[in-house]
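Engineer:
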Amino acid sequence: MTLAPLRAGLLGLLLPLAGFDWAGKVQTDIQDLRSPNATLRRQAVERLAAYSGNEVKRHLLTALRDTEPGIQKLAARAVADRGYREAVPELRRWLSHWDEEVRAAAADALGRLGGNESRQHLVRTLRDPEPVVRQKVVEALGRAPGPDLIIPLLARLQDANSGVRRAAVEVLCRLREGRVVVPVLGRLTDPAREVRLVAVQGLGQLGDPRAAPALARALKDGSPEIVEAALQALGKLRAEGAAEPLIDLFLNGPLRHREKAALALGTLGTNPAIRVLVAALDVPATRAAARRALVAAGPRAGTQVAALLLDPRTSRATAQEAVEISREARLVACVPALLQALRNHKLPRIPLVEALGQIRDVRAQRPLLDLLEDASAEVRWAALIALDPILDERAAEALLPVLHDATEAARLRATELLGRLGSRIATLPLLRLVRGRDRTLARAAAVAVAQLGDPRALEPLVGLLSHSDRQLRRIGVHGLARLRDPRAVPALVRLYAEHEDPAVRAVALQGLGGTLRGTSEPRALALLGAVLARRDRTTGLAALDALAAMRDPGISALLLERFAGLDRALRRPAAEALGNQAPQPATLTLLRGLLSDSDASTAAAAAWALGKLGDRAAEERLAQAAQHPRWPLRVNATAALARLGTSTALARLRVALQDADPYVRANAVAGLARQRSEGLVPVLAERLHGDRSPWVRINALRALSLWQPRKVTLPEGKTFSSVKDLTQTVSEGDPDPRVRGLAEELLLRPPVSQRETWIGLYLLDREQQPLRNTWFALVTPGGLVKAAQSDGRAEAWEENLSPGRCFVELAPTEESRP
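Following this line, the structure appears as structure tokens:
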């Protein structure tokens, strides 16, 4: 994040935040647990299971001893979801219950709770007379599979019930142990189709080449689903001999299997497989399937696709397919061939340019820069887009003429790129655009100038603070913060003292804080203290923005002295400003007390500040706040516990994983990432696979990327031997584009500056109207989520963030008035 965004709105679809019942309803539900009416007791358990927090633990544990099996099953699910290990003794007794459904529920709950003693009891229950119980026991053991389960589970491969056999195959294959390959191969002839299917899928996961001949025979199975699974498994094995049956099926098999056979050949990626697929590009009937398969082959197809592009005998249609394959698969080996095709003008230029842009190879920079002078506006635009990921400072000179391009989109794009490059040869041309009549281009140029950090821009940036355009004033503030040149202080003090417009005086104060970020200056500190004493809300908010950015022992004393007399709207930013200063006893005492403040935004800000200050003495108060009905306080208190990282705080975060609020769960996962516990890998895998919140999923992936466990098994049974492969799958398959983008960043891991940065938000709705006093969630680059409220200016600020991308989501309407 080189420059904080100047505005934020609704970014994508928002997940609804659950509502909360009051304590009086809890008491009603507890009374219903004692009712002689089984329906009332059942409804009470269902309602109690929906509450967050531990206040209902005792009552859910009591419900385990209900006389009605259906109620017992509901309670078992609830205590298992919440991780209440106190339920284990009672659940173990259930394994001998007369009702088979209760025994099955006990097995499921014990599997969720885990533990060695529970495993031992589950293994003994593998011989239960009822198939539904045996199957549930196998599935429960599969939640934390280990080599010690191989012998007991191998016996279940011969179980009379196909459901038990299927579950045993699935769990054994998750172990990724060579000892299970031969027994699982025996299930390829199982009379039950579902058992054969999971055996084929499992052998693909195991990746043992010994399975290749048997899987090739499975291509003749009567079930199309099994044939397709065998195709995928053979592709994954990459075993010698797998190519021949796949090629035969692709060229001569039933039409319904040919595309899957092609994809399997692409996954296999051997030279014979790639040769067949490349040849198939020349045949219209097989062209589409071959193209998708070569994309799946990735870099292994690069050499042969490049040769196809360079071969003068290649037809135009086939060459165009090769260009698309190189683009979709990002084939670096094709870059010289694509550049050659660009020079000889035999293929359309725009697809070639787009392919080079997707591949992101620096060898393409100079040829693409030359296209910025092309007569075609479409080609110039395509080149600008393609250059984006591969530009370096050497490109600045070639971009300068584009500032005067005939199309506005190109001018704006060049302006943006010049700012990002940080080359100071662009300072003066950009400043001329700032002074121009085109307001849109002037704003873009001002943003670019603000990014350059050129001392020559000091006076123009100060000048922007008194501009009639409100957005240009904001850009000026950000530019001064980027520049951080103390020579601006006298001009800013003078602007505040002499200008009559309160809005200009306010941005002068914000610019003062940005200029002095992390430092202080006596004259500025005295001025800000005097502004607070006047109790004017507009300039008071700006003064607090400045004090939050600065750092000085006197700031805490100043804020503590003034706090009691501050307007309600100023208390929240004052609490946040205290969180940016060095911790002092009086500061921590005040912030702890504010956790009980009647104003939700102030209490939430205090929780966030205590987390930033690392106040371990506040942990118990924060834990209580993490159970509060008001979602902003719960979110920020959970974030604070995550920052503290103590063993007790991490234990509390395990409970928070079950919270109905997605932001609470996201913070819990971010905090648990500090623990580096192998036992948490299944928990993170479950959140990555099944949580509805994109922020929970990406935090789980961040944690796994940090820990680098030897293997990760998703709840569906798919196992990854490296986190990189898992991240690649998420970057391609997650339903949320933000998760996919952040997963791609984790794959690239570009070097970033460790210097802390900041964000200033101006919140707008879809109609571009200011969102004043509006609740929102700020997802920080590190994954922690902050619940905050914009002020009367529709502004919000956050200091001391690590570099990276921030995201903003607005709170749902029913939750925006806690």
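The opening position of the sequence shown corresponds to residue -7 in my numbering, with each subsequent residue numbered one higher.
Glycine included, every Cβ here is placed at the ideal spot set by N, Cα and C.
Note that this is a predicted model, so its numbers are computed, not measured.
#1: What do you reckon, are the CB atoms on L164 and V172 nearer than 8 Å?
#2: L487 and S458 look like a contact to me (Cβ under 8 Å); what is the Cβ gap, rounded to whole Å?
#3: If we count the other Cβ atoms within 10 Å of its Cβ and call it buried at 16 or more, is Q781 buried or exposed?
#4: Check whether the Cβ atoms of V129 and A99 sit closer than 8 Å, and answer yes or no.
#5: Taking only runs that begin and end inside the segment 666 to 706, name each unbroken alpha helix (DSSP H) of 4 or more residues, in chain order.
#6: Thinking just about the alpha-carbon of each residue, which of L605, L587, A597 is nearest to the one in A615?
#7: Which value, in whole angstroms, describes the spacing of the CA atoms of Q760 and A786?
#8: Please return the same chain residues whose Cβ sits closer than 7 Å to the Cβ of A618, not counting the five positions on each side in sequence.
#9: Below 6 Å CB to CB, which residues in the same chain sit around Q197 once its five sequence neighbours on both sides are set aside?
#10: Answer with buried or exposed for L195, where buried requires no fewer than 16 other C-beta atoms within 10 angstroms of its C-beta.
#11: Tell me which residue opens and which closes the alpha helix (DSSP H) that L331 is part of.
#12: Output yes or no for whether 8 Å exceeds the beta carbon distance between G468 and G503.
#13: For a test of the three-state rule: what should DSSP assign to V275, helix, strand or coil?
#14: Please report the Cβ distance between A329 and W373, rounded to the nearest whole angstrom; I am assuming they are in contact, meaning their Cβ atoms lie under 8 Å.
#15: Closer than 7 Å by C-beta to P95: which residues in its own chain qualify, once you throw out the five before and the five after it? Chain order, please.
#16: Pick from A101, A70, R74: whose alpha carbon is nearest that of R84?
#17: Could you pull out every residue in the same chain whose Cβ sits closer than 7 Å to the Cβ of G62, ignoring the five residues on either side in sequence?
#18: With distance defined between alpha-carbon atoms, name the residue in A695, P654, G733 nearest to A665.
#19: In terms of DSSP beta bridges, what is V800 paired with?
#20: With distance defined between alpha-carbon atoms, name the residue in V499, P729, I266 nearest to V534.
#21: Which runs of the alpha helix (DSSP H) fall wholly inside the segment 460 to 535 and span at least 4 residues, in chain order?
#22: Count the other CB atoms, across all protein chains shown, that sit within 10 Å of the CB of K716; report buried if there are 16 or more and exposed otherwise.
#23: Helix or strand or just coil, what does DSSP make of K778?
#24: So the candidates are L189, G505, A578, T594; which of them puts its Cα closest to the Cα of A549?
#25: Throw me the rounded Cβ distance for the R543 and G521 pair, which I believe falls under 8 Å.
#26: With 8 Å as the threshold, decide whether the Cβ of R758 is near any Cβ in chain D.
#27: Going by beta carbon distance, what residues of the same chain come within less than 7 Å of D683, once the five residues before and after it are set aside?
#28: By Cβ distance, which residues of its chain are closer than 6 Å to Q296, with the 5 residues on each side in sequence left out?
#29: Buried or exposed: P482, going by 16 or more other Cβ atoms within 10 Å of its Cβ?
#30: Give a yes or no on whether the C-beta atoms belonging to T507 and R526 are separated by under 8 Å.
#31: Looking at the secondary structure, which residues open and close the beta strand (DSSP E) in which L753 lies?
#32: Is V263 helix, strand or coil when you go by DSSP?
#33: Give me the Cα-Cα distance between L180 and A221, rounded to the nearest whole angstrom.
#34: Which same chain residues end up closer than 6 Å to A15 when comparing Cβ atoms and leaving out the 5 residues on each side of it in sequence?
#35: Suppose you measure from the CA of H51 to the CA of Q720; what does that come to, to the nearest Å?
#36: For the beta strand (DSSP E) holding E791, just list the boundary residues, first then last.
Structural biologist: Result, derived from the coordinates:
#1: yes
#2: 7 Å
#3: buried
#4: yes
#5: 673 to 682, 686 to 699
#6: L587
#7: 12 Å
#8: R626, A629, T630, L633, R644, A648
#9: C165, T711
#10: buried
#11: 327 to 336
#12: yes
#13: coil
#14: That belief does not hold up - the Cβ atoms of A329 and W373 are roughly 24 Å apart, past 8 Å.
#15: According to the sequence provided, residue 95 is Arg. The question's Pro does not apply to it. So the qualifying residues of the chain are W86, L87, H89, D120, V125.
#16: A101
#17: R34
#18: A695
#19: L770
#20: Checking the displayed sequence, the identity of residue 534 turns out to be Ala instead of Val. Comparing Cα positions, the closest option is V499.
#21: 462 to 475, 480 to 490, 494 to 507, 514 to 526
#22: exposed
#23: strand
#24: A578
#25: 15 Å between Cβ atoms; not a contact.
#26: In the displayed structure, chain D is absent; only one protein chain is listed.
#27: R657, R689
#28: I266, V270
#29: exposed
#30: no
#31: 749 to 754
#32: In the sequence on display, residue 263 carries Asn and not Val. The answer is helix: DSSP assigns N263 an H, G or I state.
#33: 12 Å
#34: Note that A15 has pLDDT 40, beneath the 50 cutoff, so the model's placement of it is unreliable and the number below is only indicative. No residues qualify anywhere along the chain.
#35: 44 Å
#36: 787 to 793
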